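Chemist: Questions regarding the structure given below will be posed in turn.
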Amino acid sequence: PDRYVVFHCMAGGKSRLWTAEKFRQLAEHAMEKGLAVVEIGLVPVLKLRNESYFDFTSEHKIQNVARIIRGAEFFVGVESGFGHIANALGKFALFITGRLRQYPEYNAWSGDYGREQNCSMLRFYGGNAAEIPVEMAEFAMDAFLAGKPLTGAECRDYCRIEQIKRFRKNIFYRFCRFLTYPWKMLSEALEYHRRHG
């Protein structure tokens, strides 16, 4: 197709995997924007029944995969060898990633992606990639298509804010705040009286 986006949906580590359903929703969002979706990799994940979807997961020649990536509008995926090819080709990328063991800001990239340039890196610092809602990826994709891709700093701030909002909606977090609220108010009152005698 003339205008397409490349999707690669598989990563080596569980913490860096996004769900197949979220990838499908993001691919459908791209098709609604008038882009075809070309999937690469070793096994198909999207498996969409749409005339704008092209499955090239059977293509294993690295030169041909590089040509596919080079012709794309941008690359969508996880940290993988294909992502490193996109980086080498100077292709804009939208990455969904998570923490790697004790490293919340794990970054295996070099060059532009290592400096978080020419890419939007969506990451929940306290958890796995699977926790990232598809709406965040759609927002980052729309920003790129509008000609205003999120910078590295904007992406970090956006991810942190969305993670905090999600955390505050958590029922366990709200219950703990409810239990600790009286003690917090008491300690603040005591501190006020201690300072103002």
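Numbering (the numbering used here), first residue to last: 41 to 237. Beta carbons: idealized from backbone N, C-alpha and C, even for Gly. Fair warning: this is a prediction, and the values are worked out from it, not measured in the lab.
Is it buried or exposed, K205, if we count other Cβ atoms within 10 angstroms and call 16 or more buried?
Modeler: Along the sequence shown, read from residue 1 onward, the residue named residue 205 stands at position 165. Looking at its Cβ environment, which holds fewer than 16 other Cβ atoms inside 10 Å, K205 is exposed.
Chemist: For V118, which of helix, strand or coil comes out of DSSP?
Modeler: Position 78 of the sequence shown, counted from the start, is the residue given in the question as residue 118. In the structure shown, V118 sits in coil (DSSP, three-state: anything other than H, G, I, E or B).
Chemist: Below 8 Å on the Cβ atoms is my guess for E239 versus F47; work out the distance and round it to an integer in Å.
Modeler: Only positions 41 to 237 of the chain appear in the structure, and residue 239 is not among them; the question remains open.
Chemist: Which residue from V85, G52, G81 puts its Cα closest to that of Q65?
Modeler: Looking up residue 65 in the sequence shown gives position 25. Checking every option, the nearest Cα to that of Q65 belongs to V85.
Chemist: Can you name the start and end residues of the beta strand (DSSP E) that R163 belongs to?
Modeler: Residue mapping note: residue 163 aligns to position 123 of the sequence shown, counting from 1. Unbroken beta strand (DSSP E) run through R163: 159-163.
Chemist: Quick one: measure Cβ to Cβ for F179 and Q203, integer angstroms, because I've assumed they're closer than 8 Å.
Modeler: As a working mapping, residue 179 is identified with position 139 in the sequence shown. As a working mapping, residue 203 is identified with position 163 in the sequence shown. Contact flag wrong, Cβ pair sits at about 14 Å.
Chemist: Closest by CA to R200, which one among P189, G167, E228?
Modeler: By 1-based counting over the sequence shown, the position of residue 200 is 160. Measuring from the Cα of R200, the nearest candidate turns out to be G167.
Chemist: Could you check if K62 is buried or exposed, using at least 16 other CB atoms within 10 Å of its CB as the buried criterion?
Modeler: Here residue 62 is taken as the residue at index 22 of the sequence shown, counted from 1. So K62 counts as buried.
Chemist: Could you say if the segment 123-134 and the segment 147-164 meet the contact criterion of at least three C-beta pairs nearer than 8 Å?
Modeler: Result yes; three or more Cβ-Cβ pairs closer than 8 Å.
Chemist: How is A112 classed by DSSP in three states: helix, strand or coil?
Modeler: Translated into positions along the sequence shown, residue 112 becomes position 72. Note: A112 maps to coil in three-state DSSP.
Chemist: Once the 5 residues before and after M50 are set aside, which same chain residues still bring their CB inside 8 Å of it?
Modeler: The residue you call residue 50 lines up with position 10 of the sequence shown. So the list reads L57, G81, L82, V83, V85, V118, S120, once near-sequence residues are dropped.
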